DNA sequence: GTTATCACG
DNA sequence: ACGTACGTGATAACT
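In the UniProt record's numbering, the protein residues as written are 1 to 881.
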């Protein structure tokens with residue numbers, strides 16, 4: 001017979017939370033509720049042997065019961081954060097167990113359980129409900145039993161019709177009447193004052209129902225009781241209604257969806273390991289991690305040379321292979337290829353580079369788009385192969401990108417990190433194998449082959465697991481249709497590189513050196529002594545000890561000499577302004593002149609940055625070696641550095657296309673705020689418009705100060721506003737900043753509603769999402785620490801905005817490359833700087849390119865406001881402004 | 001290796 | 001009362 005187990009998730013978790021001491025794992029995550037819940041879950045699975053299982057959770061704050069009775073659950077203490085933050089973990093664990101969990105807006109877990117237990121009964125199931133809540137006893141019947149937790153966590157009483165009769169002398173439906181009479185202080189349900197369990201049971205024995213009691217008010221024993229019942233008739237009825245569990249909730253799934261066929265230890269184990277539940281790991285027979293290292297530790301690998309390749313051509317005819325290309329340098333633009341390894345999950349093939357490159361069948365395989373390649377870091381793999389003469393395509397999976405989408409906030413996405421997370425280990429870190437720093441050595445022969453075989457095997461084994469997680473988290477389209485294509489676009493951009501005018505760069509460097517020299521002398525003169533201006537410590541001593549300037553801010557280690565402090569001190573002493581200027585010039589020389597010169601490729605005169613696609617928590621790219629996303633622009637002195645970025649061919653131009661206010665437009669779309677929508681539909685100057693609204697003036701009354709302040713408010717909104725942050729930015733009192741914010745939200749009420757909603761959803765789900773489903777988890781949204789919690793709340797507000805903008809420009813990049821190719825244009829995409837794309841193009845194509853870029857960038861998603869793109873061209877990046 | 005500072009969106 | 005604006009990377013100084 002089919003057996004359905006329905007678990008009251010919140011109730012069991014809550015019971016566990018209070019029954020167990022507040023456990024924490026090494027990372028500081030609270031785990032006691034998860035632990036207790038899992039114990040209970042495993043016991044129930046073990047003993048009930050269900051064919052179907054569902055865990056129901058309470059949804060958000062309000063339910064339909066609040067409509068009828070505002071005070072419902074009104075007197076409850078706030079749920080402790082230590083508890084709430086464990087709920088997402090429990091859900092994650094249920095996913096690993098392959099058990100469905102569900103919650104429904106406006107309803108409680110009870111109602112979901114009630115509905116399903118009735119449905120199951122009709123279909124001839126036997127049903128067991130697991131809860132700590134007496135209310136659910138009303139659902140007991142011939143085929144429905146209830147396990148009610150007792151003192152401990154896993155201790156439970158089993159209630160069937162007979163037990164209910166024995167214990168209370170009641171029929172199930174009378175549980176509702178019981179509560180109608182006695183009420184429930186924990187839910188703030190009134191009942192009849194002075195009537196407790198004893199009296200209520202006595203009355204029900206005699207009169208059956210609340211209605212029965214009310215009809216017979218005159219016959220009740222005791223004068224006090226009569227009076228009380230008479231005075232609280234309405235409360236009794238209301239209380240009964242509130243206690244009634246709904247059994248006809250609309251559900252968009254059926255019993256068939258709740259099938260449970262047992263769990264797989266290897267899916268559950270990594271999570272238990274992360275939670276540090278050693279006894280539970282043992283219990284599922286996986287205390288030695290599951291697929292575990294044994295598969296990778298004692299690995300076999302075929303090392304082949306040019307003579308053996310012919311025997312392995314069949315190996316290459318398989319549908320999919322894991323491919324790993326080891327290189328000599330993290331920076332693949334200047335790395336040599338050391339070796340290539342392949343795996344089909346059964347055998348590993350190792351070749352040195354000469355063998356791989358000389359093997360025709362392998363080269364054909366690389367170029368065959370129909371032969372699937374699973375890899376780690378498709379961009380690095382493709383670029384390093386291509387730089388050494390081998391084209392490759394057919395990459396259908398990238399373990400790095402998948403891991404990033406699933407865990408966007410994790411800092412480590414090395415293969416060993418991913419194995420650690422997914423399998424609890426199994427692959428040693430590169431640093432441990434090769435050594436690091438001075439100790440680094442190159443492995444050879446079998447040692448190298450086995451290490452690379454392990455990596456390749458790890459890719460092969462991780463692929464299906466990560467693929468499943470992508471699907472489960474609704475990330476598969478983002479992965480396949482966006483991130484994977486973006487990786488190829490970036491590969492081409494990086495290989496193309498940007499031409500640099502080395503002479504002009506040196507020239508600018510010399511000018512700056514001269515200026516720095518003058519500034520140094522002037523500062524030393526004003527200080528009356530020579531010192532290292534670059535040392536915050538020495539500088540602090542001069543400013544605050546010698547010159548006795550006031551100390552406005554301190555760092556952990558001493559005086560703060562940051563720019564915002566110095567700006568405030570500038571009026572007090574001539575030296576301060578000079579120091580600020582010195583810092584500026586010094587930065588330009590060391591980071592930009594010297595830094596960029598070091599990165600120019602000697603033979604081509606180009607710079608090949610690397611774009612990182614798996615770093616930021618929001619979905620943006622980052623750039624390094626060198627970072628070309630932070631070339632100076634705000635101050636003219638630095639901006640001139642953009643003169644050194646030039647087209648790589650004679651008579652070509654640089655074209656820059658940037659989104660106008662993309663983040664605020666995204667906000668307008670996401671929030672649906674009428675005022676903001678209208679502003680963009682009319683294409684108004686958004687900061688002026690904000691100034692008009694916040695300061696209550698007409699357009700021609702907006703002063704430049706007002707516009708500047710309004711601009712800061714807009715930034716603040718995007719970042720997740722706080723009065724403190726805005727006050728720092730504008731250098732005004734916090735109260736004043738708070739007043740700006742209040743007036744902003746008065747003018748844009750839709751934005752306020754949206755921000756509140758995002759934070760509420762983040763608290764409920766544990767994560768926020770962008771327009772293309774990118775996720776970011778925010779565990780600290782439940783922190784009791786004000787700072788951590790506030791940070792998480794601001795992040796919840798900022799990430800959908802910043803992240804959706806990142807989604808949009810990535811989509812535009814992919815479409816733009818397709819367009820350039822399809823129309824056989826010669827123009828090339830070179831750089832992306834978050835809201836701007838930079839191309840080089842033949843002069844003759846400028847008109848066409850401008851048109852296409854606009855078309856494509858304005859079109860990747862349909863927003864409720866237009867996307868606007870500004871295009872500029874020039875002989876250098878500087879001129880394309 | 002960490003801290004302070006500052007360049008960008 | 002609390003006390004940070006969101007997201008990055010590079011450099012120099014110092015531990």
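Even glycine gets a Cβ: it sits at the ideal position worked out from N, Cα and C.
Just so we're clear, the structure is a prediction, and the values are computed from it rather than from any experiment.
With respect to the beta strand (DSSP E) encompassing residue i, which residues constitute its N-terminal and C-terminal limits?
| i | result |
| --- | --- |
| residue 351 | 348-352 |
| residue 841 | 836-842 |
| residue 500 | 498-500 |
| residue 430 | Segment 430-434 is the alpha helix (DSSP H) holding residue 430; no beta strand (DSSP E) there. |
| residue 102 | 100-103 |
| residue 10 | Counting along the chain, residue 10 falls outside any beta strand (DSSP E), though it belongs to the alpha helix (DSSP H) covering 9-19. |
| residue 129 | 126-131 |
| residue 52 | 52-57 |
| residue 397 | 395-398 |
| residue 883 | Nothing can be reported for residue 883, as the shown portion of the chain is limited to 1 through 881. |
| residue 551 | Segment: none, residue 551 is in no beta strand (DSSP E) and carries neither H nor E. |
How would you call residue i, buried or exposed, if buried means at least 16 neighbouring beta carbons within 10 angstroms?
| i | result |
| --- | --- |
| residue 697 | exposed |
| residue 216 | exposed |
| residue 86 | buried |
| residue 371 | buried |
| residue 823 | exposed |
| residue 179 | buried |
| residue 445 | exposed |
| residue 162 | exposed |
| residue 468 | exposed |
| residue 432 | exposed |
| residue 187 | buried |
| residue 760 | exposed |
| residue 506 | exposed |
| residue 1 | exposed |
Suppose you measure from the CA of residue i to the CA of residue j; what does that come to, to the nearest Å?
| i | j | result |
| --- | --- | --- |
| residue 881 | residue 830 | 16 Å |
| residue 715 | residue 37 | 43 Å |
| residue 563 | residue 553 | 11 Å |
| residue 567 | residue 793 | 31 Å |
| residue 491 | residue 397 | 16 Å |
| residue 838 | residue 574 | 41 Å |
| residue 101 | residue 130 | 14 Å |
| residue 799 | residue 720 | 9 Å |
| residue 888 | residue 690 | Residue 888 is absent from the structure shown; the chain starts at 1 and stops at 881. |
| residue 294 | residue 616 | The predicted position of residue 294 is uncertain, since its pLDDT is 44 and thus under 50; a value taken from the coordinates is nonetheless stated next. If you take the alpha carbons of residue 294 and residue 616, they lie about 34 Å apart. |
| residue 460 | residue 341 | 12 Å |
| residue 47 | residue 39 | 12 Å |
| residue 863 | residue 619 | 19 Å |
| residue 588 | residue 653 | 25 Å |
| residue 289 | residue 118 | In this prediction, residue 289 has a pLDDT of 44, which is less than 50 and means its spatial position is unreliable; what the coordinates show is noted afterwards. Rounded to the nearest angstrom, the two C-alpha atoms are 41 Å apart. |
| residue 555 | residue 728 | 16 Å |
| residue 9 | residue 58 | 8 Å |
| residue 149 | residue 143 | 20 Å |
| residue 204 | residue 672 | 54 Å |
Could you tell me the boundaries of the alpha helix (DSSP H) in which residue i lies?
| i | result |
| --- | --- |
| residue 588 | First-last for residue 588: undefined, no H or E at that position. |
| residue 690 | 686-695 |
| residue 199 | 197-207 |
For the ligand GDP, I want to know if residue i counts as a neighbour, meaning its beta carbon is within less than 6 Å of at least one of the ligand's heavy atoms.
| i | result |
| --- | --- |
| residue 103 | Looking at this structure, you won't find the ligand GDP or any other ligand, since it has none at all. |
Exercise for the section: Tell me the start and end of each unbroken alpha helix (DSSP H) in the stretch 151-183 that is at least 4 residues and wholly inside, in chain order. Expected result: 161-168 and 174-182
Exercise for the section: Kindly provide the ranges of any beta strand (DSSP E) runs that are 3 or more residues long and lie completely inside the stretch 612-652, ordered along the chain. Expected result: 622-624
Handout entry: Segment contact flag, the stretch 757-776 with the stretch 725-743, C-beta cutoff 8 Å, min 3 pairs
Key = no
Handout entry: Stretch-stretch touch, CB-based, cutoff 8 Å, three pairs: the stretch 88-99 with the stretch 204-216
Key = no
Exercise for the section: Please confirm if the stretch 102-118 is in contact with the stretch 218-229, defined as three or more CB-CB distances below 8 Å between the two stretches. Expected result: no
Problem - Cβ contact check for the stretch 749-756 and the stretch 49-62: 3 or more pairs under 8 Å - result: no
Practice task
Report yes or no: do the stretch 782-799 and the stretch 817-829 share at least 3 C-beta pairs separated by less than 8 Å?
Solution key: no
Exercise for the section: Decide yes or no for the touch test of the stretch 467-475 against the stretch 367-387: beta carbon pairs closer than 8 Å, at least 3 of them. Expected result: no
Practice task
May I have a chain-ordered list of the alpha helix (DSSP H) segments no shorter than 4 residues that lie completely inside the stretch 327-391?
Solution key: 353-358, 360-367 and 378-387
Handout entry: Inter-stretch contact at 8 Å, needing at least 3 Cβ pairs: the stretch 617-635 / the stretch 653-660
Key = no
Exercise for the section: Quick one: which unbroken beta strand (DSSP E) runs of 3-plus residues sit fully inside the stretch 760-820? Chain order, please. Expected result: 767-769 and 775-777
Exercise for the section: Evaluate the contact criterion for the stretch 120-134 versus the stretch 63-70: three or more CB pairs, one atom per stretch, below 8 Å. Expected result: no
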